[in-house]
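Take a look at the structure set out below.
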Amino acid sequence: NQLIQVSPGHPTKSYLMRVYHEQSKWAELKRLCRNSLALNANDQDALIYLEIANNKSTYAEVLEKRLLESPSENLYLELFNAYYYDNEYEKGVRTCERLLKMNPQSSAAYNNLCVAYREMRQWDKATEAANMGLSIDPKDILLNNNLKTISYRRNLVDQLNNSQYNYAGWLDLSVLFYNATMWEESIESCQKALAINPKSPEAYNNICVSYIKMAEWEKAFEAVNKSLEFDPEFSLAKQNWAYLNSLLSK
62 NQLIQVSPGH
72 PTKSYLMRVY
82 HEQSKWAELK
92 RLCRNSLALN
102 ANDQDALIYL
112 EIANNKSTYA
122 EVLEKRLLES
132 PSENLYLELF
142 NAYYYDNEYE
152 KGVRTCERLL
162 KMNPQSSAAY
172 NNLCVAYREM
182 RQWDKATEAA
192 NMGLSIDPKD
202 ILLNNNLKTI
212 SYRRNLVDQL
222 NNSQYNYAGW
232 LDLSVLFYNA
242 TMWEESIESC
252 QKALAINPKS
262 PEAYNNICVS
272 YIKMAEWEKA
282 FEAVNKSLEF
292 DPEFSLAKQN
302 WAYLNSLLSK
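Residue numbering for the sequence shown follows this note's numbering, starting at 62 and increasing by one per position.
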């Protein structure tokens, strides 16, 4: 299967909060948070995003403030997640190092350190962090799975850099990268396909979906419009365009 479609259905509440935050839609963010808190007064995402909206701050800034008031392993792990979702992997690494100073036996910190290095394509450091975590907890499922993921992703990158595929081969590789949540490499594979077939609606469709995952809305629209320019009846691109439009019109 050489084509990618965004997941059907409505965006999750947490995802919408992130979208409103990224677009600085403070009124919409406050309203969504208050509606969520009316249903569950302990909704942590809603509590944090409401504080973000009230102060026009970032998720990480709110967590850093809370860490100063009351340091805990869970807050450090949540802060890592904030940096991870913002693609600030260097800050994620420093957050893990801070946690490990507080708790040198935290296998979760080593797992997150592994993930940050993995996302930076620093395969050896990622492997080292995973092995450190496994020395603490050899049965840790996440760490064991991440070791396998590192090997798989490293192999995919080798294919991207060292292979001479035809048009279909590059599209296939773009889907493998997409499924591995490697959006930039998926786009690069599509660009290699476009070098062979510059009017490929399929390649532009796949680029669109990767940009959606990266929250690069304008680039996603540009890509899907190119796809529909070359094939106005391409149903998958039309569905992806509709999904993107519905997401941004909320």
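Think of the CB as a built atom: it goes at the ideal place given N, C-alpha and C, for glycine as much as any other residue.
N-terminal and C-terminal residue of the alpha helix (DSSP H) that residue i is part of
{"i": "residue 147", "result": "Where residue 147 is concerned, there is no enclosing alpha helix (DSSP H), given that its DSSP letter is neither H nor E."}
{"i": "residue 317", "result": "In this structure the chain extends from 62 to 311, so residue 317 is not present and cannot be described."}
{"i": "residue 192", "result": "184–197"}
{"i": "residue 78", "result": "74–83"}
{"i": "residue 226", "result": "Residue 226 -> no alpha helix (DSSP H), and no H or E assigned at all."}
{"i": "residue 168", "result": "168–180"}
Three-way DSSP call (helix, strand, coil) for residue i in this model
{"i": "residue 155", "result": "helix"}
{"i": "residue 97", "result": "helix"}
{"i": "residue 277", "result": "coil"}
{"i": "residue 68", "result": "A caution first: residue 68 carries a pLDDT of 49, below 50, which makes its placement in the model unreliable, though a value can still be read off. Coil."}
{"i": "residue 261", "result": "coil"}
{"i": "residue 317", "result": "Any question about residue 317 goes unanswered here, given that the chain covers just 62 to 311."}
{"i": "residue 163", "result": "helix"}
{"i": "residue 86", "result": "coil"}
{"i": "residue 254", "result": "helix"}
{"i": "residue 206", "result": "helix"}
{"i": "residue 103", "result": "coil"}
{"i": "residue 201", "result": "coil"}
{"i": "residue 310", "result": "coil"}
{"i": "residue 305", "result": "helix"}
Residue i: CB within 8 Å of a non-hydrogen atom of the ligand NAD
{"i": "residue 103", "result": "By its list of ligands, the structure shown contains no ligand whatsoever, and the ligand NAD lies outside what it can speak to."}
Neighbour-count burial assignment, residue i, 16 or more Cβ in a 10 Å radius
{"i": "residue 78", "result": "buried"}
{"i": "residue 70", "result": "In this predicted model, residue 70 has a pLDDT of only 45, less than 50, meaning its place in the structure is not dependable; the value taken from the coordinates is given anyway. Residue 70 comes out exposed."}
{"i": "residue 298", "result": "buried"}
{"i": "residue 309", "result": "exposed"}
{"i": "residue 304", "result": "buried"}
{"i": "residue 95", "result": "exposed"}
{"i": "residue 287", "result": "buried"}
{"i": "residue 301", "result": "buried"}
{"i": "residue 132", "result": "exposed"}
{"i": "residue 137", "result": "buried"}
{"i": "residue 262", "result": "buried"}
{"i": "residue 100", "result": "exposed"}
{"i": "residue 253", "result": "buried"}
{"i": "residue 255", "result": "buried"}
{"i": "residue 169", "result": "buried"}
{"i": "residue 139", "result": "buried"}
{"i": "residue 129", "result": "exposed"}
{"i": "residue 266", "result": "buried"}
{"i": "residue 12", "result": "For the chain, the structure presents residues 62 to 311; residue 12 sits outside this window and is missing."}
{"i": "residue 173", "result": "buried"}
The region 196–214 in contact with the region 222–233 per 3-pair CB rule at 8 Å: no
The region 171–180 touching the region 152–161, judged by at least three CB pairs closer than 8 Å: yes
Alpha helix (DSSP H) segments (min. 4 residues) lying fully within the region 105–150: 105–116, 120–130, 134–146
Three or more C-beta pairs below 8 Å linking the region 90–98 and the region 106–117: yes
Segment contact, 8 Å Cβ cut-off, at least three pairs: the region 190–201 with the region 213–224: no
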